[in-house]
Amino acid sequence: MPKLSTGAEIVFKCLEDQKVEYIFGYPGGAVLPIYDELKNHSTLKHILVRHEQGAGHAAEGYARSSGKPGVVLVTSGPGATNVVTALTDAYMDSIPLVCISGQVPTHLIGTDAFQECDTTGITRPCTKHNWLVKDIKDLSKIIHKAFEVATTGRPGPVLVDIPKDIQFQKTTYSKYNKKKKLNGKKPSSFEKADIDELIKLMSNSNKPIFYTGGGVINSGPKASDLLRELVYLTGFPITSTLQGLGSFPGDDAQFLGMLGMHGTYEANNAMHDCDLMINIGARFDDRITGKIDEFSPKSKKVHIDIDPSSINKNVKVDLPIVGDVQDVISSTIKKIKKTKPNFAKSNRQKISKWWEKIQKWRQKKSLNYINSTETIKPQYAVQRLYELTKNKDTYITTEVGQHQMWAAQHYKFDKPNRWMTSGGLGTMGYGLPAAVGVQVAHPNKLVIDIAGEASVLMTMQEMSTAVQYSLPIKIFILNNEYMGMVRQWQELLHDKNYSESYTAALPDFVKLAEAYGCVGIRATNPEELDDKIIEMVNTDRPVIFDCLVDKQENCFPMIPSGKPHNQMLLGPKDQKENKITGKGKTLV
Amino acid sequence: MAKSKSAYSVPGKKGKLDTHIIVVWVDNEAGVLARVVGLFSGRGYNIESLAVAEVDSKLGISRITIVTTGTPQVIEQIKLQLKKLVPVHKVANFKREDKKVIFKEMALFKFVGNNNRRQKALKACKKYDAVILDNTTKSCVIQITALRREIDKMSNSLKKFGLISISRTGAVAMTRGSEVFK
């Protein structure tokens, strides 16, 4: 007779088969049989968080920095509802997560039992797919399928809800057979003709631009290498979305910086004036396009994406190419090398005028700010952090707000998977738990959460997790006592009515650090900043760094929503002449 | 534009709205209808009518027929988003004007009144394959199959003959000739 395993054992067997190393979770009544089984599986390490949202974001950080799916384990009811924010965040930013949730026993489902909620109902719109396991015989098949759905095509979160009685029931375990074909959904369906057409457009273009996004990162490190090859081969300028940073070196001459609402002047103007836009793994998000009717009006648009539904969703494109970024770029490079060996040379001449124009935009130096010797400017703090950590293969996470944009503007990434930020959902409180997950994946690397004081308080409890597992994460707080981005919009769009955006009572972050059992450091002026940053980097324990910055600083450049790309607000000098009025106010 | 301060961007020019019939083949499993319908409500698409039933009990396949309106771009999105759902096997979509496709809805009408009025009602229903399902001295139930707008029209015009209750299905569709949906 074949050996029978309990549902709880099957869960672990599946995770082992899937080569899972870490689970981020929190126990509770409905998952106790699974937690009971944990002791028998030494290859799996459980990271106990302090709140289920933290488990979700930590798993996201783990997934984004390692390229492997993140695994979350939570209990029924509040355990499941607490993880919803993280699932939605992962759904928006295409991060592979597998969430296993406990559920009340099958016979109690629908009776409003203690800690019961309709988990699959609640998470249906924020997962790629979810399952309620009603029969122990389906359990292993479902978990393996869950990993497959999470990691193939456009990655994303999935959830498996397992009632407590199923965790106790026994059946035989069926091993995982990796299938190549996925439910008839091939990841790459582009044809040779598409690549030929792309190359034709590229050779005919006088004003081309690459616009790349998170899809390049999700396609794997090889895709970033190929992207570099393609960009050097063509000599075209390249700009990146927030999520795409790191797929191309941030300090390269061909890189125009990030585009979009807080993107550089040169990137946004180049997007507006180009005659060929090659979108690789980005999704024409509203923070990127601005006013859609006036978005890059004169260009032919190519869109390379693994997800067919991303194409023509917001912006109509001329040449859609559905496929894995890595496959598409690789085919393109091969074809160019074969059919147009002189492409780079002949092309350089052709686009030289375009580069001249771009250089003129560059001279605006749109990321400049007025520095001070008295107070620490937040941009200066990020710049110094970058200079002092750039040779250490640093991993950066962020929270959401002004500090996030300053980090994106001033911290230059030259490798993929080094930059973890909540872009789609914009989840304040993402960065600290994400840093926990990144540090778990890369125990010997420097991991810094560039944070704001308001965001970081939303998930501050995870410092306790970092201390428990000796994860030396660095929380670099740009503390201006305001919800900075809210304050900025109120200043620019709501007549300086700073409604509820000031936090009148904040903890002493240095003492808070000590209370958690980690190290607190405070910098109050530009003079001491470098030394303090070096002190932080050299500390082998978790650090909360309270960087007191200018309270009034705004994040520029900025495209007020509802304006096209070529109508940006630059720094404080430019602002006076370019006031946002009437209609513009409604649009951000 | 209203002085709302919450809008993210100006709504662009609205395209022309077309009525489409979307046919979806799905695994007949728990929650599958909620996934399909939730996708429509979550993304702000329209559902004018809905018909769903299992069509292959061996393979456990259900066929969902949805009548919707939208710009060509929205219809394309509906199709692509539906295809991404795990239990969805295939999706077909047709314009309502498409001559190659048959669309039918069924309605049940209950009439209460004297024989004379009921006879008139039956006569009016004749051209829509009327079937009498129930007949008493005071009432009758008539089944008709027709297009949506024909049933709309009938439900108004039959009131004078004692129509007191209407029950109707969503549209179902099938191609003419030997072809099947791909």
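Chains as they are written, first to last, in this note's numbering: chain X, 1 to 588; chain R, 1 to 182.
Backbone N, C-alpha and C define an ideal beta-carbon position, used for all residues, glycine too.
Note that the coordinates shown come from a computational prediction; the quantities given were computed from them, not determined experimentally.
- The stretch 194 to 205 of chain X makes no contact with the stretch 397 to 417 of chain X: fewer than 3 CB pairs, one atom from each, lie closer than 8 Å.
- Counting along the chain, R:A51 sits inside the beta strand (DSSP E) bounded by residues S49 to D56.
- X:I143 has its alpha-carbon roughly 14 Å from the corresponding atom of X:T152.
- Between X:D540 and X:P472 a beta carbon distance of about 6 Å is seen, short of the 8 Å cut, so the two are scored as contacting.
- Within the stretch 120 to 140 of chain X, the residues whose Cβ lies closer than 8 Å to some Cβ of chain R are T120, G121, R124, P125, K128, H129, L132 and K134, listed in chain order.
- C-alpha of R:T69 to C-alpha of R:F40: approximately 11 Å in a straight line.
- If you check each beta-carbon in the stretch 304 to 324 of chain X against every beta-carbon of chain R, the ones closer than 7 Å belong to P308, S309, N312 and K313.
- When rounded, the separation of the alpha-carbon atoms in X:P163 and X:E21 is 24 Å.
- DSSP lists R:A173 as the beta-bridge partner residues of R:F103.
- Sixteen is the threshold: when 16 or more other Cβ atoms of the shown chains lie within 10 Å of the Cβ of X:S422, as they do, the residue is buried.
- Beta-bridge partners of X:A55 (DSSP): none assigned.
- Beta-bridge partners of X:H46 (DSSP): X:I23.
- At a cut-off of 7 Å, the C-beta of R:G60 has no neighbouring C-beta in chain X.
- Annotation for R:C125: no beta strand (DSSP E) segment contains it, though the alpha helix (DSSP H) segment containing it runs N115 to C125.
- Per DSSP, the unbroken alpha helix (DSSP H) holding X:K345 starts and ends at F343 to K350.
- In the pairwise beta carbon analysis, the stretch 163 to 182 of chain R is classified as touching the stretch 96 to 104 of chain R: at least three pairs are separated by under 8 Å.
- Taking each of X:G121, X:R228, X:G70 and X:I166 in turn and checking the Cα distance to X:A150, the smallest one comes out for X:G70.
- One thing to note: X:P27 has its Cβ no nearer than 7 Å to the Cβ of X:A8.
- For X:D161, the three-state secondary structure derived from DSSP is strand.
- It is roughly 7 Å from the alpha-carbon of X:I336 to the alpha-carbon of X:I199.
- Look at the stretch 62 to 81 of chain R: the residues with a C-beta under 9 Å from a C-beta of chain X are Q73, E76, Q77, K79, L80 and Q81.
- Nearest CB-CB separation between R:K14 and chain X: not below the 7 Å threshold.
- In the displayed model, X:I278 falls within a strand according to three-state DSSP.
- For R:V86, a Cβ of chain X is located within less than 7 Å of the residue's own Cβ.
- In the DSSP assignment, X:L529 forms no beta bridge with any residue.
- Of all alpha-carbon atoms in X:M463, X:P560, X:E553 and X:A523, the one lying nearest the alpha-carbon of X:D546 is that of X:A523.
- Assigned with DSSP and collapsed to three states, X:G102 falls in strand.
- Checking the DSSP bridge columns, you'll see X:N204 has no partner listed.
- Ranked by Cα distance from X:A63, the first of X:Y232, X:I109, X:L87 and X:P560 is X:L87.
- Listed along chain R are V86, each with a C-beta nearer than 9 Å to that of X:V149.
- The residues K377 and Y380, in chain order, have a CB closer than 6 Å to that of X:N371 in the same chain once the five nearest residues on each side in sequence are set aside.
- Comparing alpha carbon positions, the residue from X:R487, X:S470 and X:A454 closest to X:F476 is X:A454.
- Residue contact with chain X for R:G177: absent (no Cβ-Cβ distance below 7 Å to any residue of chain X).
- Contact check for X:G244 against X:G213 passes: the beta carbons are separated by less than 7 Å.
- Contact annotation for R:G42 against chain X: P125 [CB-CB distance below 7 Å, chain order].
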